[in-house]
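> Once you've had a glance at the structure underneath, I'll fire off some questions.
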Amino acid sequence: MTTPYPRVELGDLPEIDVFSEEFRAAPWEVTSRIHSPNGLARSSRGIEGLTYQSAHTVLGDRRPRIGFDEMYQATGFDESSPVYQAAVTSINNLEGDVHKVLRETLGRYFTRDFVQTLRPVVRSIAEEILDGFVPGEPVDIATRLVGKIPSRLFASLVGAPLGDAEFLEKTSDALLTVFYMDNANHEVVEKAYAGLAAYVEDLIRVRQSSPGDDVVSYLLDVERSGRITRHDVIVNVTALLRASTDTTAGQMGLVIAELAERPDVWERCHSEPGIIPAAVMEAVRWRTGAWSILRVVREDMNILGTPVPAGTDFFGLAVAAHRDPEAYPDPHTFRLDRRRPKPTLNWGMGVHYCLGKPIAQVEMEEVVRLLTERWTGVHLAKPLVTDGEPVNSRPLTALIGHTPR
Ligand code: HEM
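Residue numbers for the sequence shown follow my numbering, beginning at 751 and rising by one.
Right under this line is the structure:
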């Protein structure tokens, strides 16, 4: 990484406590007070990219790696474990040509046109759930609406019955605990992976005898062409669940909670549905689900003028970058008229950039469209409760009082 940045030794970087109450409450306020010549700071977990520029540059660099090995090791899995092997050989973690083949393969399925066909699917999933609510009664939409949609959409993507969605939702929740890098979650992850792998193998058996237009049948076709293996099919279908459900539910919950507190924006989404994509993306910037994105520095390297030894963890602090005035002028104003705003970092950056971002956008947009069509407004009946993790903050409950139109 050649940069115009002056040399700053690691030990001379400013420090930040990303686990402090103050940081959890308003990370951008903490980072805005830190003077760092290259936008980096040291924390107890590694190095933090505080600005859009520093986070974007390092996340987009091919040399630091994704670090699933580290996450799974921290959760107590070693190389002999099938859970570990599945994680490190999935699209998320692989590099080079093998990664490229998987990415191209999935990319050919998740085309722009295909993603648009998901709009009515998401809408009908959300409608069915909404029809079950008692009009006007407060309802915890974090658990009863938002948490249900991505797992149902996943069921539909893999050609499974919608009745499997509950199992998929619970499995995904369990698998995602690996991001907390805590050995206490070992058994939960192990059990969830074993259940999911068996489930995917069953799905494969069914799809072999009766192929459809689902992603599993498609991957089996690609397997027959010799471009990918059976292992790739199993591991990447499980990876798709891990990648697509909890992440989307978390961000969708935050978007709705934000719009709930902005009745004017809510009303505009109803009267001018054309602004929904902008409203969703501004809410994503404003309330970022994935607070930070991890990279592991795998060789001694110079990062923005700072020599960093191999083995150091780097965290691109999306949550702070999204309020960086250099990237988003007037960052503390919620604006629907941002012109070609820089891409937010919750979907990562570089060769591993989220393949499902357009799908997540469609999910969020369709749910906002439906809610603003049906309800005149919503309010948080209780303050929003999130897990407040600096890794990935998501609503645990959002009790919403709503008024039908
Ligand atoms: C709001 C929802 C979502 C968020 C916040 C999210 C976030 C991410 C992030 C941070 C990465 C890693 C990027 C990096 O490290 O640079 C990623 C990768 C990925 N995501 Fe998503 N994601 C979401 C939804 C989805 C959905 C709906 C799908 C698929 C249906 C999906 C599929 C993937 C895949 C396959 C990868 C791996 C790409 C690669 O390594 O080449 N994601 N996502």
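Beta carbons are placed, not taken as given, at the ideal position from N, Cα and C, and that holds for glycine. Remember, predicted model here, so these are calculated numbers, not experimental data.
(1) Mark residue 1132 as exposed unless 16 or more other C-beta atoms lie within 10 angstroms of its C-beta, in which case mark it buried.
(2) Pull the bridge partners of residue 836 from the DSSP assignment, please.
(3) To the nearest angstrom, how far is the alpha carbon of residue 1049 from that of residue 994?
(4) What does the Cβ neighbour count give for residue 828, buried or exposed, with the cut at 16 atoms within 10 Å?
(5) Please determine if the stretch 1080–1091 and the stretch 1060–1071 are in contact, where contact requires at least 3 C-beta pairs separated by less than 8 Å.
(6) Less than 8 Å between the CB atoms is what I'm expecting for residue 1046 and residue 815, so what's the real figure, rounded?
(7) What residue range does the beta strand (DSSP E) around residue 1064 cover?
(8) Looking at ligand 1, does it come within less than 7 Å of residue 821, judged from the CB to the closest heavy atom?
(9) Less than 8 Å separating the beta-carbons of residue 846 and residue 1054?
(10) I believe residue 979 touches residue 1039 by the beta-carbon criterion, under 8 Å. Please report the beta-carbon distance rounded to the nearest angstrom.
(11) Where do the ends of the beta strand (DSSP E) carrying residue 791 lie?
(12) Taking C-beta to C-beta, are residue 1120 and residue 1150 nearer than 8 Å?
(13) Determine the extent of the beta strand (DSSP E) in which residue 812 is found, giving its start and end residues.
(14) In the DSSP assignment, find the unbroken beta strand (DSSP E) run with residue 1154 in it and report its ends.
(15) Just to confirm, is the Cβ distance from residue 796 to residue 1062 under 8 Å?
(16) Under three-state DSSP, which class holds residue 1031?
(17) Using DSSP with H/G/I as helix, E/B as strand and the rest coil, what is residue 758?
(18) Does ligand 1 have even one heavy atom less than 7 Å from the beta-carbon of residue 796?
(19) Since I believe residue 758 is in contact with residue 787 (beta carbons under 8 Å), could you give me their beta-carbon distance rounded to a whole number of angstroms?
(20) For a test of the three-state rule: what should DSSP assign to residue 1096, helix, strand or coil?
(21) Would you identify the three-state DSSP class for residue 1144, choosing helix, strand or coil?
(22) Is residue 934 buried or exposed, if buried means 16 or more other CB atoms sit within 10 Å of its CB?
(23) Could you please give me the residues that DSSP links to residue 797 through a beta bridge?
(24) Indicate the three-state DSSP secondary structure (helix, strand or coil) for residue 890 in the structure shown.
(25) Can you list, in chain order, the residues of its chain with a C-beta nearer than 7 Å to that of residue 962? Leave out the 5 residues immediately preceding and following it.
(26) Can you check whether the CB of residue 897 is closer than 8 Å to the CB of residue 1007?
(27) Let's test the definition: count the other Cβ atoms within 10 Å of the Cβ of residue 1037 and tell me whether it reaches 16, buried, or not, exposed.
(28) Applying the criterion that 16 or more other CB atoms from any shown protein chain within 10 Å of the CB defines a buried residue, is residue 1073 buried or exposed?
(29) Look up residue 925 in the DSSP assignment and say whether it is helix, strand or coil.
(30) Over what stretch of residues does the alpha helix (DSSP H) that includes residue 778 continue unbroken?
(31) Can you give me the C-alpha to C-alpha distance between residue 862 and residue 761, rounded to a whole angstrom?
(32) When burial is assigned at 16 or more other CB atoms within 10 Å of the CB, is residue 1103 buried or exposed?
(33) Counting Cβ pairs closer than 8 Å, one from the stretch 816–835 and one from the stretch 936–948, do we hit at least three?
(34) Going by DSSP, what residue range makes up the alpha helix (DSSP H) through residue 885?
(35) Quick one: what does DSSP say residue 1012 is sitting in, helix, strand or coil?
(36) Can you round the beta-carbon distance between residue 1078 and residue 1035 to whole angstroms, since I take them to be within the 8 Å contact cut?
Reading off the structure:
(1) Taking the sequence shown and counting its residues from 1, the one referred to as residue 1132 is at position 382. The residue in question, residue 1132, is exposed, as its Cβ has fewer than 16 Cβ neighbours within 10 Å.
(2) One-based indexing of the sequence shown puts residue 836 at position 86. Paired residues: none, contrary to the question.
(3) Locating residue 1049 in the sequence shown gives position 299, counting from the first residue. Locating residue 994 in the sequence shown gives position 244, counting from the first residue. Rounded to the nearest angstrom, the two C-alpha atoms are 31 Å apart.
(4) On the sequence shown, position 78 is the one that residue 828 refers to. Flag for residue 828 reads exposed.
(5) no
(6) Mapped onto the sequence shown, residue 1046 falls at position 296. Mapped onto the sequence shown, residue 815 falls at position 65. Their Cβ separation, rounded to whole angstroms, is 5 Å, which keeps residue 1046 and residue 815 in contact under 8 Å.
(7) Mapped onto the sequence shown, residue 1064 falls at position 314. First-last of the beta strand (DSSP E) with residue 1064: 1063–1067.
(8) Taking the sequence shown and counting its residues from 1, the one referred to as residue 821 is at position 71. Answer for residue 821: no, Cβ out of range of ligand 1.
(9) If you number the sequence shown from 1, residue 846 lands on position 96. If you number the sequence shown from 1, residue 1054 lands on position 304. Not a contact, by the Cβ cut-off of 8 Å.
(10) Here residue 979 is taken as the residue at index 229 of the sequence shown, counted from 1. Here residue 1039 is taken as the residue at index 289 of the sequence shown, counted from 1. Not confirmed; about 33 Å, so no contact.
(11) Counting from 1 along the sequence shown, the entry for residue 791 is found at position 41. Looking at the DSSP string, the run of the beta strand (DSSP E) that includes residue 791 is 790–793.
(12) Reading the sequence shown from its first residue, position 370 is the one you call residue 1120. Reading the sequence shown from its first residue, position 400 is the one you call residue 1150. No, these two residues do not count as a Cβ contact at 8 Å.
(13) Here residue 812 is taken as the residue at index 62 of the sequence shown, counted from 1. From DSSP, residue 812 is part of no beta strand (DSSP E); its letter is neither H nor E.
(14) In the sequence shown, counting from the first residue as 1, residue 1154 sits at position 404. Run containing residue 1154: 1149–1154, per the beta strand (DSSP E) assignment.
(15) The sequence position of residue 796 within the sequence shown is 46, counting from 1. The sequence position of residue 1062 within the sequence shown is 312, counting from 1. Yes, the pair counts as a contact, with Cβ atoms nearer than the cut-off.
(16) Within the sequence shown, the letter at position 281 stands for residue 1031. Helix, per DSSP.
(17) Numbered from 1 along the sequence shown, position 8 holds the residue referred to as residue 758. Residue 758: coil per DSSP, three-state reduction.
(18) Mapped onto the sequence shown, residue 796 falls at position 46. No.
(19) The sequence position of residue 787 within the sequence shown is 37, counting from 1. The sequence position of residue 758 within the sequence shown is 8, counting from 1. That pair is a contact at about 5 Å.
(20) If you number the sequence shown from 1, residue 1096 lands on position 346. In the three-state scheme derived from DSSP, where H, G and I count as helix and E and B as strand, residue 1096 is classed as helix.
(21) As a first step, residue 1144 is located in the sequence shown; it is residue number 394 there, counting from the start. Under the three-state reduction of DSSP, residue 1144 is assigned to coil, being neither helix nor strand.
(22) For this step, residue 934 is matched to residue 184 along the sequence shown. Looking at its Cβ environment, which holds fewer than 16 other Cβ atoms inside 10 Å, residue 934 is exposed.
(23) Locating residue 797 in the sequence shown gives position 47, counting from the first residue. For residue 797, which the question treats as bridged, DSSP gives the partners 792, 1064.
(24) In the sequence shown, the residue the question calls residue 890 occupies position 140. Of the three classes helix, strand and coil, the one that applies to residue 890 here is strand, per DSSP.
(25) Here residue 962 refers to the residue found at position 212 of the sequence shown. Cβ neighbours of residue 962 beyond the five flanking positions: 909.
(26) Against the sequence shown, residue 1007 aligns to sequence position 257. Against the sequence shown, residue 897 aligns to sequence position 147. Against a cut-off of 8 Å, the Cβ pair of residue 897 and residue 1007 comes out as no contact.
(27) Within the sequence shown, the letter at position 287 stands for residue 1037. Flag for residue 1037 reads buried.
(28) For the purposes of this step, residue 1073 is taken as residue 323 along the sequence shown, with counting starting at 1. Label assigned to residue 1073: buried.
(29) Taking the first residue of the sequence shown as position 1, residue 925 is located at position 175. Of the three classes helix, strand and coil, the one that applies to residue 925 here is helix, per DSSP.
(30) Locating residue 778 in the sequence shown gives position 28, counting from the first residue. First-last of the alpha helix (DSSP H) with residue 778: 777–782.
(31) The residue given as residue 862 occupies position 112 in the sequence shown. The residue given as residue 761 occupies position 11 in the sequence shown. Between the alpha carbons of residue 862 and residue 761 lies a distance of about 46 Å.
(32) Counting from 1 along the sequence shown, the entry for residue 1103 is found at position 353. Under this definition residue 1103 is an exposed residue.
(33) Contact between the stretch 816–835 and the stretch 936–948 is present, with at least three C-beta pairs closer than 8 Å.
(34) Taking the sequence shown and counting its residues from 1, the one referred to as residue 885 is at position 135. That residue, residue 885, is in no alpha helix (DSSP H); it is neither H nor E in DSSP.
(35) Counted from its first residue, the sequence shown places residue 1012 at position 262. Here residue 1012 sits in coil by DSSP.
(36) As a first step, residue 1078 is located in the sequence shown; it is residue number 328 there, counting from the start. As a first step, residue 1035 is located in the sequence shown; it is residue number 285 there, counting from the start. Indeed they touch by this definition, with Cβ atoms about 7 Å apart.
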